[in-house]
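For the first sequence, UniProt numbering begins at 1 and goes up steadily by one. All residues carry an ideal CB built from backbone N, CA and C; glycine is no exception.
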Amino acid sequence: MRETETPRAADLLEWYDRNARIMPWRVPPAARRAGTAPDPYRVWLSEVMLQQTTVAAVTAYFNRFTARWPGVADLAAAEDGDVMGEWAGLGYYARARNLLKCARAVVAEHGGTFPADHDALLKLPGIGPYTAAAISAIAFDLPRTVVDGNVERVMARLHDIHTPLPAAKPELTAAAAALTPERRAGDYAQAVMDLGATICTPRTPACGICPWRAPCAARARGTAAELPKKTPKKAKPIRLGIAYVAQRADGALLLERREDRGLLGGMLGWPGSEWAEEAPAPAPPLDADWQALPEEARHTFTHFHLRLMVQVAQVGMEAAPRRGAFLPPADFRPSDLPTVMRKVYDLSRGVLREMG
DNA sequence: CATACGTGGCT
DNA sequence: TAGCCAAGTAT
Numbered sequence: 001m002r003e004t005e006t007p008r009a010a011d012l013l014e015w016y017d018r019n020a021r022i023m024p025w026r027v028p029p030a031a032r033r034a035g036t037a038p039d040p041y042r043v044w045l046s047e048v049m050l051q052q053t054t055v056a057a058v059t060a061y062f063n064r065f066t067a068r069w070p071g072v073a074d075l076a077a078a079e080d081g082d083v084m085g086e087w088a089g090l091g092y093y094a095r096a097r098n099l100l101k102c103a104r105a106v107v108a109e110h111g112g113t114f115p116a117d118h119d120a121l122l123k124l125p126g127i128g129p130y131t132a133a134a135i136s137a138i139a140f141d142l143p144r145t146v147v148d149g150n151v152e153r154v155m156a157r158l159h160d161i162h163t164p165l166p167a168a169k170p171e172l173t174a175a176a177a178a179l180t181p182e183r184r185a186g187d188y189a190q191a192v193m194d195l196g197a198t199i200c201t202p203r204t205p206a207c208g209i210c211p212w213r214a215p216c217a218a219r220a221r222g223t224a225a226e227l228p229k230k231t232p233k234k235a236k237p238i239r240l241g242i243a244y245v246a247q248r249a250d251g252a253l254l255l256e257r258r259e260d261r262g263l264l265g266g267m268l269g270w271p272g273s274e275w276a277e278e279a280p281a282p283a284p285p286l287d288a289d290w291q292a293l294p295e296e297a298r299h300t301f302t303h304f305h306l307r308l309m310v311q312v313a314q315v316g317m318e319a320a321p322r323r324g325a326f327l328p329p330a331d332f333r334p335s336d337l338p339t340v341m342r343k344v345y346d347l348s349r350g351v352l353r354e355m356g
């Protein structure tokens with residue numbers, strides 16, 4: 001490769017033409033050139049799922065969502081609980097709540113078609129600067145600059161920027177904007193992200209095979225692996241709680257729908273105590289012969305570790321819970337539970353079988 | 001600008 | 001193992 005002073009979008013696009021990763025929502029570069037445009041609904045859905053989430057984790061969810069709800073109008077007409085259940089396990093559940101709000105807004109305010117307009121996209125629930133730019137570029141080929149974690153890392157290395165994130169964000173955004181081409185904006189956006197995901201990786205980047213190795217300042221100075229700098233994170237405290245798993249004589253399980261805000265908002269879960277650093281006060285959802293499991297459920301969230309004591313009970317058909325409702329076995333899918341609640345269920349299963 | 005908000009995989 | 005990391009958004 002010829003030595004260059006500044007990186008060129010054309011070099012990256014040439015690499016992308018040969019190395020684009022295959023993903024169910026992606027139109028490969030050859031097809032894109034031939035005139036096949038991506039479905040904005042699928043672009044939007046994939047981008048929301050990909051927020052802070054790996055391609056490997058998203059793929060199965062994307063396939064299930066698009067099989068069940070092929071278009072934005074189908075999703076807009078779905079029951080809230082069905083969408084939350086289908087999202088269970090993917091995390092950041094505000095995304096699912098905003099996904100539904102967004103689908104309904106697209107139907108109600110945009111005639112069921114995603115607007116090909118960056119500012120209009122930005123006004124929709126769950127669509128921020130990154131996602132608005134990604135949909136603009138990938139779905140509509142508008143020359144918007146996409147700035148995600150990959151782009152930040154690639155720009156920090158290309159220009160050997162040592163300012164720690166998030167303070168470096170404006171500088172990195174400006175660097176990314178300066179490189180964005182007018183043509184093939186969608187392919188270019190996906191190319192930078194593929195580069196970050198496969199070559200310009202957080203640890204041990206593969207600089208030797210990078211299409212931008214020649215103009216990369218960090219590679220020249222040997223600082224690539226330590227960029228981007230980040231401000232240190234705070235330690236996670238430990239919170240304690242109690243979860244209550246009640247099984248009725250017909251096998252129905254006592255579950256409740258959590259409020260539509262905050263942690264696990266809108267998701268199905270076991271009734272329980274508050275989660276706090278202090279030992280929790282008991283909060284059984286009904287009076288029964290509760291039995292503590294020998295093992296607690298452990299789970300780590302973004303900002304704290306959780307240790308849940310699990311209490312189980314078998315109750316009669318006359319049981320009248322103060323919270324939640326009994327869900328018959330036919331209506332209960334463990335996969336509808338967020339992971340922490342599924343851990344509680346998995347710990348309880350054996351004991352419930354013995355008791356029942 | 002800082003914080004809340006999940007999860008699974010990798011080192 | 002404990003920590004870091006992933007195609008961020010809302011407040």
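Which residue wins for smallest C-alpha separation from D346, given the options L293, G316, M317?
Ranking the options by Cα distance to D346, first place goes to L293.
Measure the CB-CB distance between A225 and T204 and report whether it falls below 8 Å.
Yes, the Cβ-Cβ distance between A225 and T204 is below 8 Å.
Would G241 and L306 be called neighbours here (beta carbons separated by less than 8 Å)?
A contact, by the Cβ cut-off of 8 Å.
Cutting at 7 Å between CB atoms, please list the residues of its own chain near E5, excluding the five before and the five after it.
P215.
So, with DSSP's three-state summary, where would you put residue 422?
An answer regarding residue 422 cannot be provided, because it is not within the stretch 1 to 356 covered by the chain.
Using a Cβ-Cβ cutoff of less than 8 Å, which residues in the same chain neighbour A105 once the five nearest sequence positions on both sides are dropped?
Same-chain partners within the cutoff: L124, P125.
Indicate whether L286 and V245 have their beta-carbon atoms separated by less than 8 Å.
Taking 8 Å as the Cβ cut-off, L286 and V245 do not qualify as a contacting pair.
With distances taken from CA atoms, which of L12, R8, A132 is nearest L195?
Here the closest residue by C-alpha is L12.
Report the CB separation of T66 from L45 in whole angstroms; it is logged as a contact under 8 Å.
That pair is a contact at about 7 Å.
Which class does Q190 belong to by DSSP, given the choice of helix, strand or coil?
If DSSP states are grouped into helix, strand and coil, Q190 belongs with the helices.
Could you give the distance in angstroms between the alpha-carbon of E3 and the alpha-carbon of R144?
Bear in mind that the predicted position of E3 carries a pLDDT of just 42, short of 50, making it unreliable; the figure below should be weighed with that in mind. Distance between the alpha carbons of E3 and R144: 28 Å.
How would you write the range of the alpha helix (DSSP H) that R239 sits in, first residue to last?
Where R239 is concerned, there is no enclosing alpha helix (DSSP H), although the beta strand (DSSP E) it sits in stretches over 238–248.
Less than 8 Å between the C-beta atoms of V154 and Y130, yes or no?
No; because the gap between Cβ atoms is not below 8 Å, this pair is not in contact.
Assign A281 to one of three DSSP states: helix, strand, or coil.
If DSSP states are grouped into helix, strand and coil, A281 belongs with coil.
So, do the region 48–62 and the region 75–85 have three or more beta carbon pairs nearer to each other than 8 Å?
Touching, no.
Which residues in the same chain as residue 401 place their Cβ atom closer than 7 Å to its Cβ, once the five residues preceding and following it in sequence are excluded?
The structure shown does not extend to residue 401, since the chain is modelled only from 1 through 356, so no value can be given for it.
For the beta strand (DSSP E) holding F326, just list the boundary residues, first then last.
Note, F326: beta strand (DSSP E), 325–327.
Find the nearest neighbour of Y92 within the set T302, D141, A31, P70, judged by alpha-carbon distance.
Closest by alpha carbon: T302.
Distance check for L227 and K169, CA to CA, integer angstroms please.
In a straight line, the C-alpha of K169 is about 13 Å away from that of L227.
What does DSSP give as the partner residues of A292 in its beta bridges?
BP columns for A292 point to Q311.
What is the DSSP secondary structure of K230, reduced to helix, strand or coil?
In the structure shown, K230 sits in a strand (DSSP, three-state: E or B).
Using the Cα positions of E14 and T201, report the straight-line distance between them to the nearest angstrom.
Going by the C-alpha atoms only, they are around 20 Å apart.
How would you call N150, buried or exposed, if buried means at least 16 neighbouring beta carbons within 10 angstroms?
When all chains shown are included, N150 counts as buried.
State the Cα-Cα distance for the pair Y61 and K233, rounded to the nearest angstrom.
Their Cα atoms are separated by approximately 30 Å.
Tell me the rounded alpha-carbon separation between D187 and E47.
Those two C-alpha atoms are separated by around 15 Å.
If the criterion is Cβ atoms closer than 8 Å, does the pair I199 and V43 meet it?
No, the pair does not count as a contact, with Cβ atoms beyond the cut-off.
Tell me the DSSP bridge mates of A276?
DSSP lists L240 as partners of A276.
On a CA-only basis, which of K343, A31, P24, L50 is nearest M193? Give me that one, please.
For M193, the nearest C-alpha among the options comes from L50.
To test your reading of the DSSP string, which unbroken alpha helix (DSSP H) runs of 4 or more residues are found completely within the UniProt domain "HhH-GPD" (49–198)?
Whole alpha helix (DSSP H) segments, 4+ residues: 55–68, 72–76, 80–87, 94–110, 118–122, 129–140, 149–158, 169–179, 185–198.
Consult DSSP for R257 and reduce its assignment to one of helix, strand or coil.
Strand, per DSSP.
Pull up the distance between the alpha-carbon of I135 and that of V310, whole angstroms please.
Going from the Cα of I135 to the Cα of V310 covers about 44 Å.
For P164, which residues from the same chain have a beta carbon less than 7 Å from its beta carbon, with the 5 sequence-adjacent residues on both sides left out?
Closer than 7 Å at Cβ, skipping near neighbours: K229, K230, T231.
Which of the three DSSP states is assigned to Y16 in this structure?
Helix, per DSSP.
Exposed or buried, which one is S348 when buried takes at least 16 other CB atoms within 10 Å?
Its Cβ being crowded by 16 or more others within 10 Å, S348 is buried.
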